[in-house]
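Working notes, beginning with the structure itself.
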Amino acid sequence: MRIVKVTGRPAGSVYSILERLERLGWATSQWDEDTDRTGPRRRLYLLSDEAEASACTVVAGVRDRQARLTAQAAAARA
Numbered sequence: 418m419r420i421v422k423v424t425g426r427p428a429g430s431v432y433s434i435l436e437r438l439e440r441l442g443w444a445t446s447q448w449d450e451d452t453d454r455t456g457p458r459r460r461l462y463l464l465s466d467e468a469e470a471s472a473c474t475v476v477a478g479v480r481d482r483q484a485r486l487t488a489q490a491a492a493a494r495a
């Protein structure tokens, strides 16, 4: 799963979060229909537009705080 690889979070934690997002209506899921693929069937998740917008807002806020802290640290060193 791509999220597990990118974040380094355990698969169980990621699936738990995805299931919670789905219960809240922030994500939908369906079984992968790829019949040529070997191995267990995959569950595919898609964030709702509202969830994606909220995630973008959170990420922008984190980046803004990080930039301010970096600037403060640089000013303190000067």
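If you're matching positions, the sequence shown starts at 418 in the numbering used here and goes up one per residue. Just so it is clear, CB atoms sit at the ideal spot from N, CA and C, and this is done for glycine as well.
From residue i to residue j, what distance separates their C-alpha atoms?
i	j	result
Ala490	Arg460	44 Å
Ala472	Arg485	20 Å
Leu435	Val423	15 Å
Tyr462	Ser433	12 Å
Arg419	Glu450	18 Å
Gly442	Ala470	14 Å
Gly425	Thr487	25 Å
So the candidates are the options; which of them puts its Cα closest to the Cα of residue i?
i	options	result
Asp466	Trp448, Asp449, Ala444	Ala444
My output table needs one value for residue i: the three-state DSSP class, helix, strand or coil.
i	result
Ser465	coil
Thr474	helix
Ala495	coil
Thr452	coil
If contacts are defined as beta-carbon pairs under 8 Å, then residue i and residue j qualify, I think. What distance do you get, rounded to the angstrom?
i	j	result
Glu439	Ser446	6 Å
Trp448	Arg437	At roughly 19 Å, the Cβ-Cβ gap does not stay under 8 Å, so Trp448 and Arg437 are not in contact.
Please determine if the segment 473-483 and the segment 446-458 are in contact, where contact requires at least 3 C-beta pairs separated by less than 8 Å. no
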